[in-house]
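According to the working numbering, the sequence shown is numbered sequentially starting from 57.
Each residue gets a CB set at the ideal place from its N, CA and C atoms; glycine is no exception.
Bear in mind that the values here come from a model prediction, so they are computed numbers and not experimental data.
Report on the structure given below.
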Amino acid sequence: AMPESSQSAADRERTERFVQLFARHEANLYSYIVTLVLNDADAEEVLQETSLLLWRKFDEFESGTDFAAWSCRIAYFEVLKFRRARGRDRLSFGEKFLAKVEEQSSAMREELGDRSRALSNCIGKLKDDDRDLIRRRYGLGQTIEQLAKLLGRPAKSIYKSLSRVRGSLAE
């Protein structure tokens with residue numbers, strides 16, 4: 057028999073929750089960081105430090121609140137720490153500028169979250185065939201040609217259907 061893992065069920069659950077949340081938000085977190093440091097290599101370094109700090113502070117995260125906002129706030133302070141350590145860089149923005157970028161970014165995250173929830177609600181109201189078409193095209197990334205072949209319809213018909221559905225969603 058294999059020995060029991062020294063990690064408790066609660067620890068495993070905590071780890072799984074963190075990994076799921078972090079994986080879902082990592083790309084956006086990286087994009088946010090790169091807007092503040094303007095350099096891919098520096099952004100990678102800050103992301104690494106931020107991810108470690110997020111894990112260490114994960115017990116402070118309130119379940120059900122906005123992980124993206126929480127992680128970006130921690131990343132913001134990591135960027136400030138990184139910039140102080142690298143104070144000799146030629147191109148450097150002041151902390152007031154960074155604070156303004158953080159403020160704007162936070163507002164955009166909220167608006168995008170609201171829009172995303174509204175879009176999900178609207179997609180839920182579509183007819184099954186239309187919802188499936190949208191899922192295949194945008195969720196799975198299938199091309200118009202792939203959809204035409206799969207659905208046995210001309211590509212022009214797929215374009216028209218997508219255009220109609222996008223119009224419905226925009227309304």
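Helix, strand or coil at L189 according to DSSP, with G and I counted as helix = If you number the sequence shown from 1, residue 189 lands on position 133. In the structure shown, L189 sits in a helix (DSSP, three-state: H, G or I).
Local Cβ density within 10 Å of T121, reported as buried at 16 or more and exposed below that = Stepping through the sequence shown from its first residue, residue 121 is reached at position 65. Burial call: exposed.
inquiry  = Could you tell me the alpha carbon to alpha carbon distance between R171 and E82, rounded to whole angstroms?
reply    = Mapped onto the sequence shown, residue 171 falls at position 115. Mapped onto the sequence shown, residue 82 falls at position 26. Rounded to whole angstroms, R171 to E82 spans 20 Å at the Cα level.
Of the listed residues C178, N84, Q198, E72, nearest to V221 (C-alpha basis) = Taking the sequence shown and counting its residues from 1, one reaches residue 221 at position 165. Of the listed residues, the one whose Cα sits closest to V221 is C178.
request  = Note down the Cα distance separating S233 from G197, rounded to an integer number of angstroms.
outcome  = This structure cannot settle anything about residue 233, because the visible part of the chain is limited to 57 through 227.
ask   = What are the start and end residues of the alpha helix (DSSP H) that includes T121?
value = Position 65 of the sequence shown holds residue 121. Run containing T121: none; DSSP gives neither H nor E here.
query = Are L109 and E134 closer than 8 Å when you measure CB to CB?
reply = In the sequence shown, residue 109 corresponds to position 53, counting from 1. In the sequence shown, residue 134 corresponds to position 78, counting from 1. Taking 8 Å as the Cβ cut-off, L109 and E134 qualify as a contacting pair.
ask   = Do you know offhand how far F117's Cα is from Y88's?
value = Taking the first residue of the sequence shown as 1, we reach residue 117 at position 61. Taking the first residue of the sequence shown as 1, we reach residue 88 at position 32. Near 19 Å, if we compare the C-alpha coordinates of Y88 and F117.
request  = At 3 residues or longer, and completely inside the region 72-137: list those beta strand (DSSP E) runs for me, N to C.
outcome  = none
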